[in-house]
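In the numbering used here, the protein residues as written are 5 to 284.
1) In chain order, what residues of the same chain lie with their CB nearer than 7 Å to the CB of residue 179, ignoring the 5 residues before and after it?
2) In three-state terms, what does DSSP make of residue 269?
3) Less than 8 Å between the beta carbons of residue 100 and residue 52, yes or no?
4) Would you call residue 242 buried or exposed, if buried means 16 or more other Cβ atoms sit within 10 Å of its Cβ?
5) Using CA atoms only, rank isn't needed, just tell me which of 269, 35, 91 and 128 is closest to residue 29.
6) Just the Cα atoms here: how many angstroms apart are residue 5 and residue 83?
7) Please tell me whether residue 260 and residue 198 are closer than 8 Å, where the distance is taken between their beta carbons.
8) Quick one: is residue 204 buried, meaning 16 or more other Cβ sit within 10 Å of its Cβ, or exposed?
9) Would you mind stating whether residue 169 and residue 148 have Cβ atoms separated by less than 8 Å?
10) Give every residue of the same chain whose Cβ lies closer than 8 Å to the Cβ of residue 35, excluding the five residues on either side of it in the sequence, and list them in chain order.
11) Helix, strand or coil, according to DSSP, for residue 34 in the structure here?
12) I need the DSSP call for residue 51, collapsed to helix, strand or coil.
13) Who are the near neighbours of residue 102 in its chain, counting only those whose CB is closer than 8 Å to its CB and skipping five residues on each side?
14) Just to confirm my understanding: we take residue 257, look at its own chain, exclude 5 residues before and 5 after, and list those with CB closer than 6 Å. What are they?
15) Let's test the definition: count the other Cβ atoms within 10 Å of the Cβ of residue 159 and tell me whether it reaches 16, buried, or not, exposed.
16) Could you tell me the distance, in whole angstroms, from the CA atom of residue 217 to the CA atom of residue 140?
17) Closest by CA to residue 75, which one among 88, 41, 42 and 63?
18) Is the shortest distance between the beta-carbon of residue 113 and the beta-carbons of chain C less than 8 Å?
19) With DSSP collapsed to three states, give me the class of residue 176.
20) Indicate whether residue 202 and residue 137 have their beta-carbon atoms separated by less than 8 Å.
21) May I have a chain-ordered list of the alpha helix (DSSP H) segments no shorter than 4 residues that lie completely inside the stretch 74-111?
22) Per the DSSP calculation, residue 71 is bridged to which residue(s)?
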């Protein structure tokens, strides 16, 4: 299929999209009929029936995606008559394309089009998940930097921060940092947090933020006092996680956050050079 035709079909399909008053996107079945190369409404109705069955089998209510409506059409005599039609969601259009005649060029296009759209949605979802984790890691680093500065200012010792953080890990995971690094196969030179799931990054950050606040508020001036505070806060966060069925030490490690960050930067550069790159 030529590139020009693909772009034309894409624009034509998207150009027929409409919206309800509440902003829900839909297509009319009689428009889609012609977009997919069907001349006879009866034949297209058979495809719609198969699509409805597929919708039901997939666990989605048919009424959410296929809504019956009527509309007026012009007749050759200049008069009009009322005909039945359907409002279709994008998912309904996808199911219709999947159940259409693949020998039709329009159906072949539509099947590929929706496959690409689904893949693009997956890519976008994964990118959002990755970006959230990178953001959580940066936030934790920023909080720990502030906490380190407060510890130095109020206790006079840089070495105290590493010790206090380690005690916090012991309270959160129920085992030492080194034991968790061994369990997650984290290189000795890398922080445990670089391989921690987003929920753990946010848990550690929350506990550190409380420690930071109380260390300032109560002018805690010794490693012992700040460690006690940090242990208490991590134990409280751990208790909350356990109550919600999340056991920190039982979670699996995830991809190195540094690799994710480099990948996101690389994708951004490619997107600037080629805006269509993420569609492939």
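Yeah, the Cβ is synthetic: ideal placement off N, Cα and C, and Gly gets one too.
Quick look at the numbers:
1) By the criterion of a C-beta distance shorter than 7 Å, residue 179 is surrounded in its chain by 253, once the five residues flanking it on both sides are discounted.
2) DSSP places residue 269 in the helix class (H, G or I) of the three-state scheme.
3) In this structure, residue 52 lies closer than 8 Å to residue 100 by Cβ.
4) Answer is buried; the Cβ neighbour count reaches 16.
5) Per the Cα distances, 91.
6) In this predicted model, residue 5 has a pLDDT of only 47, less than 50, meaning its place in the structure is not dependable; the value taken from the coordinates is given anyway. Distance between the alpha carbons of residue 5 and residue 83 is about 40 Å.
7) Yes.
8) Its Cβ being crowded by 16 or more others within 10 Å, residue 204 is buried.
9) Yes. Within cutoff.
10) Once the five neighbours on either side are set aside, the close Cβ partners of residue 35 are 20.
11) Note: residue 34 maps to helix in three-state DSSP.
12) Looking at residue 51 - three-state DSSP - the assignment turns out to be helix.
13) Within the same chain, residue 102 has close Cβ partners 55, 58, 115 and 118.
14) Annotation for residue 257: 188 and 199 place their beta carbon closer than 6 Å to its own, counting only its chain and skipping 5 residues before and after.
15) It is buried - the Cβ of residue 159 has at least 16 other Cβ atoms within 10 Å.
16) Straight-line spacing of the CA atoms in residue 217 and residue 140 works out to 19 Å.
17) Relative to the Cα of residue 75, the nearest Cα in the group 88, 41, 42 and 63 belongs to 88.
18) Among the chains in the structure shown there is no chain C, since it carries only a single protein chain.
19) Helix.
20) Yes. Within cutoff.
21) Qualifying alpha helix (DSSP H) stretches, in chain order: 94-102.
22) In the DSSP output, where bridge partners are listed per residue, residue 71 has 91.
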